[in-house]
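Step one of this worksheet: look at the structure below.
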Amino acid sequence: MTTKARDIGRLFSPLQVGYIADCVEPLSAGSEAGWALELLKDRPELKVLPIERDGAVLGVVPRHVLEEIVESTWKRFWQKDLDAYVIPALKTVEATDFVDRIVAEGLKETQEDDPGWYIVQHHRSYLGIVNLRQMLEHLNEIRAQDLRRAGEIQQYLLSKPIPEDPRYKILFYNRMAHEVGGDFYRAARIGPNRYMVACFDVAGKNISGSLATTALGAFFAAFKLFSYEGDPRKTTGLLNAMIKDVNPDDVFVAAVLFYIDFDTNIVEVHNCGFSPVLAFIPQEEEKKISCKIARPNLPPLGIEEKLVNEAPISLPIIKGMRLTAYSDGLTDMTDPFGERYGEEKTIELLRDVHKTPLLEVSQKLDEEVNRWIGESHLADDITLVDIRF
């Protein structure tokens with residue numbers, strides 16, 4: 001007896017039920033239970049056998065029922081035709097039908113103790129059998145594969161190199177809560193002496209969030225392909241227009257955009273609904289450090305048709321200055337008792353990180369996140385940018 005339809009050359013999409021149908025030849029209802037068990041010897045994983053009468057497959061008989069008949073002399077002597085022991089099929093489905101649609105309907109119809117067996121046919125001929133649990137497991141496997149692949153694509157987009165310039169150092173820290181997420185970051189050259197450093201937090205998680213971040217990746221790819229050189233307000237406006245155009249109305253993107261201009265020695269900060277930006281600025285020949293907090297001065301991207309930035313935050317570049325921003329996954333992470341990390345602890349952590357060499361920052365952040373969440377899990381992605389001059 002063969003196993004899956006795909007093993008005998010039947011070509012179905014992994015999304016179609018024919019792909020996972022177990023191609024077991026049905027037994028005649030008049031067959032003996034002992035002979036039926038002999039046929040099952042080579043298939044220890046098979047728990048049922050399909051039963052047919054007059055060319056029509058009626059349902060399945062469980063292996064344990066056949067074993068009970070064979071083990072009892074009385075039952076073996078008085079054995080009825082096998083269709084008397086049949087569990088009727090929940091439904092007959094076409095092999096080209098889609099697994100997710102069958103499962104959605106089957107979950108509404110099946111009882112808790114019913115495995116929900118289906119007869120699978122192709123071109124009106126019997127092909128095999130499958131049950132609801134097998135379909136659920138298959139869907140879960142497909143989903144896991146899709147998430148892994150989406151994660152690989154997202155990590156590829158996030159792995160783009162940071163433009164090199166000895167006048168600054170940039171570090172991005174990212175810790176996903178799931179395989180894929182809605183956080184994104186990128187640094188790009190937008191002129192001979194100008195750079196854009198950005199962090200984004202999409203209003204969506206998992207696959208939906210990662211789809212939106214793919215559009216952001218394409219936007220930055222266009223910067224490079226077309227040698228884009230735009231001023232900060234124009235660039236933020238273009239980003240807003242793109243996000244508004246490619247996403248439904250309920251999808252928006254919180255973002256913080258740092259525009260570094262070494263011609264004017266100014267950093268222009270556009271905080272579009274993101275968490276506060278912390279600026280650590282040396283005072284008195286770098287003996288003291290002041291910390292300034294820049295809260296959002298613009299709405300999240302993708303909400304308004306046209307974004308008007310009348311009061312951008314401008315900071316003169318000073319040697320030793322450090323700018324950092326973080327997504328709300330950091331403040332919102334909870335310990336095993338449900339206590340949020342909060343803004344106060346976050347600011348204190350980032351003050352402490354100021355003394356840490358840039359190459360050691362990621363490890364320090366990982367240690368603090370692990371210490372706080374313990375055996376609990378992150379509910380949201382954490383992304384942080386650290387810019388040092």
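So that you can map any letter, position 387 of the sequence shown is 387 in my numbering, and since no number is skipped, the others follow by simple counting.
Ideal Cβ placement from N, Cα and C applies to all residues, glycine included.
The beta strand (DSSP E) spanning Gln16 covers which residue range?
The residue labelled residue 16 in the question sits at position 16 within the sequence shown. Element bounds for Gln16: n/a, residue is neither H nor E.
In the DSSP assignment, the beta strand (DSSP E) including Ser313 goes from what residue to what residue?
As a position in the sequence shown, residue 313 is number 313, starting the count at 1. Per the sequence shown, residue 313 should be read as Ile rather than Ser. Element bounds for Ile313: Ile313 to Pro316.
Going by CA-CA distance only, name the one from Ala294, Asp146 and Ser275 that's closest to Val267.
If you number the sequence shown from 1, residue 267 lands on position 267. Val267 has its Cα closest to that of Ala294, out of Ala294, Asp146 and Ser275.
Would you say Ala89 and Val57 are within 9 Å of each other, going by their C-beta atoms?
Position 89 of the sequence shown holds residue 89. Position 57 of the sequence shown holds residue 57. Against a cut-off of 9 Å, the Cβ pair of Val57 and Ala89 comes out as a contact.
Should Trp117 go down as buried or exposed, given a rule of 16 or more other Cβ atoms within 10 Å for buried?
Taking the sequence shown and counting its residues from 1, the one referred to as residue 117 is at position 117. When all chains shown are included, Trp117 counts as buried.
Quick check on Thr2: does DSSP put it in helix, strand or coil?
What you label residue 2 is simply residue 2 of the sequence shown in a count that begins at 1. Since pLDDT at Thr2 reaches only 49, below the 50 mark, its modelled position is unreliable, and no value is offered.
If you compare alpha carbons, which of His270, Asn247, Met242 and Phe226 is closest to Phe258?
Residue numbering aside, residue 258 sits at position 258 when the sequence shown is read from its first letter. Taking only the C-alpha atoms, the option nearest Phe258 is His270.
The region 353 to 367 / the region 151 to 165 touching (three or more Cβ pairs under 8 Å):
no
Relative to the alpha-carbon of Tyr173, which residue among Asn370, Asp380 and Asp366 has its alpha-carbon at the smallest distance?
Your numbering for residue 173 matches position 173 in the sequence shown. Of the listed residues, the one whose Cα sits closest to Tyr173 is Asp366.
From the DSSP secondary-structure annotation, give me the bridge partner or partners of Arg53.
For the purposes of this step, residue 53 is taken as residue 53 along the sequence shown, with counting starting at 1. According to DSSP, Arg53 shares a beta bridge with Ala56.
I need the DSSP call for Pro232, collapsed to helix, strand or coil.
Locating residue 232 in the sequence shown gives position 232, where the first residue counts as 1. In the structure shown, Pro232 sits in a helix (DSSP, three-state: H, G or I).
Opening and closing residue of the alpha helix (DSSP H) in which Ser362 lies
Stepping through the sequence shown from its first residue, residue 362 is reached at position 362. Its alpha helix (DSSP H) spans residues Leu358 to Ile373.
Buried or exposed for Asn131, going by 16 or more other Cβ atoms inside 10 Å?
By one-based count along the sequence shown, residue 131 stands at place 131. That one is buried.
According to the Cβ coordinates, are Asp380 and Ala177 closer than 9 Å?
Translated into the one-based positions of the sequence shown, residue 380 becomes position 380. Translated into the one-based positions of the sequence shown, residue 177 becomes position 177. Result yes, Cβ atoms of Asp380 and Ala177 sit closer than 9 Å.
Limits of the beta strand (DSSP E) - the one that Asp183 falls within
The residue given as residue 183 occupies position 183 in the sequence shown. Note, Asp183: beta strand (DSSP E), Asp183 to Gly191.
Thinking C-alpha only, which one of Leu239, Gln134 and Val120 is nearest Thr213?
For the purposes of this step, residue 213 is identified with residue 213 of the sequence shown, where counting begins at 1. Checking every option, the nearest Cα to that of Thr213 belongs to Leu239.
Within 9 Å, strictly: CB atoms of Thr346 and Leu323:
Within the sequence shown, the letter at position 346 stands for residue 346. Within the sequence shown, the letter at position 323 stands for residue 323. Contact: no.
Within a Cβ cutoff of 6 Å, which residues of the same chain sit near Ile162, ignoring the five residues on either side of it in sequence?
To locate residue 162, count along the sequence shown from 1; it is residue 162. The answer, listed in chain order, is Ile170 and Ala187.
Answer yes or no: do Pro50 and Pro26 have a C-beta to C-beta separation smaller than 9 Å?
Along the sequence shown, read from residue 1 onward, the residue named residue 50 stands at position 50. Along the sequence shown, read from residue 1 onward, the residue named residue 26 stands at position 26. Yes.
Could you spell out the range, first to last residue, of the beta strand (DSSP E) harbouring Glu270?
Within the sequence shown, the letter at position 270 stands for residue 270. The sequence shown places His at residue 270, not Glu. Taken as a continuous stretch (DSSP letters only), the beta strand (DSSP E) holding His270 covers Ile266 to Cys272.
Using a Cβ-Cβ cut-off of 7 Å (strictly less than) and excluding sequence neighbours within five positions of Gly18, which residues of its own chain qualify?
Your numbering for residue 18 matches position 18 in the sequence shown. Hits under 7 Å: Ala5, Arg10, Phe12, Ala95, Thr96, Val120, His122 and Leu127.
Answer yes if the region 245 to 264 comes into contact with the region 302 to 314, meaning at least three C-beta pairs across the two stretches below 8 Å, and no otherwise.
Yes, the region 302 to 314 touches the region 245 to 264.
Between the CA atoms of Lys41 and Leu82 - distance to the nearest angstrom
Residue mapping note: residue 82 aligns to position 82 of the sequence shown, counting from 1. Residue mapping note: residue 41 aligns to position 41 of the sequence shown, counting from 1. Their Cα atoms are separated by approximately 18 Å.
Mind checking who Gly128 pairs with in its DSSP beta bridge?
Counting from one through the sequence shown, the residue named residue 128 turns up at place 128. Beta-bridge pairing links Gly128 to Val120.
Determine the extent of the beta strand (DSSP E) in which Ala279 is found, giving its start and end residues.
Within the sequence shown, residue 279 is the residue found at index 279, counting from 1. That run of the beta strand (DSSP E) goes Val277 to Gln283.
Give a yes or no on whether the C-beta atoms belonging to Ile243 and Ile317 are separated by under 9 Å.
Working through the sequence shown from its first residue, we reach residue 243 at position 243. Working through the sequence shown from its first residue, we reach residue 317 at position 317. Their beta carbons are not under 9 Å apart, which means Ile243 does not touch Ile317 by this criterion.
Would you identify the three-state DSSP class for Leu11, choosing helix, strand or coil?
Position 11 of the sequence shown, counted from the first residue, corresponds to residue 11. Coil at Leu11, not helix or strand.
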